[in-house]
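Below is one structure, written out as structure tokens; the observations come after it.
Numbering (our numbering), first residue to last: 263 to 427.
As structure tokens, this is what we get:
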């Protein structure tokens, strides 16, 4: 998990804000608690995976800017002082860091199962120790069971997903 983090941390975020916060759930008790907050189809995935990571975002991320953006920390802290600006920045960039986590894990040969079917407020209540921990997503990490592997589903083509402007 440290190797995954050491790769994902280099992905760019707005103002190098790095608002994502990670809770690496690997104990049987932690997995049982998290599975209890998940939608029915996700429970066995959480229980079976070696690790499921909760990817949240810190709404007070600007406090880290003196370390992360020393040349412009004060200016950016003033900018992010507006709650609506801080919240949308944390949500967008924390989610982006969640995507970096998936890419990093796959680059290291691991499989990922990102999930959004869970009680977000319950996850924050049970697993967050940070005062400003915002919305979350979860992702199980490990090696898939070869018996459950199926062909990759189709994806949209370039023209279907985008357009030139």
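Built from N, CA and C at the ideal position, the CB exists for glycine as well.
Per DSSP, residue 368 is one residue of the alpha helix (DSSP H) stretching across 345 to 369. Taking 3 residues as the shortest admissible run, the segment 269 to 320 contains the following complete beta strand (DSSP E) segments, listed from N- to C-terminal end: 282 to 287, 313 to 319. Residue range 327 to 330 is occupied by the alpha helix (DSSP H) that includes residue 327, with no beta strand (DSSP E) assigned at that position.
By the beta-carbon neighbour count (other beta carbons within 10 angstroms, threshold 16), residue 415 is exposed. In this structure, residue 285 sits away from residue 308, with a CB-CB distance that is not shorter than 9 Å. Residue state for residue 384 is assigned as helix, using DSSP reduced to three classes. Checking the DSSP bridge columns, you'll see residue 377 partnered with 400. With contacts defined by Cβ atoms closer than 9 Å, residue 388 and residue 299 form a contacting pair.
DSSP, read as helix, strand or coil, puts residue 395 in strand.
Counting the other CB atoms within 10 Å of its CB gives residue 281 a total of 16 or more, which places it among the buried residues. In this chain, the alpha helix (DSSP H) harbouring residue 337 covers 335 to 341. Here the segment 322 to 334 makes no contact with the segment 413 to 427; the two share fewer than three CB pairs at distances below 8 Å. Note on residue 320: 16 or more other CB atoms within 10 angstroms of its CB, so buried under the neighbour-count rule.
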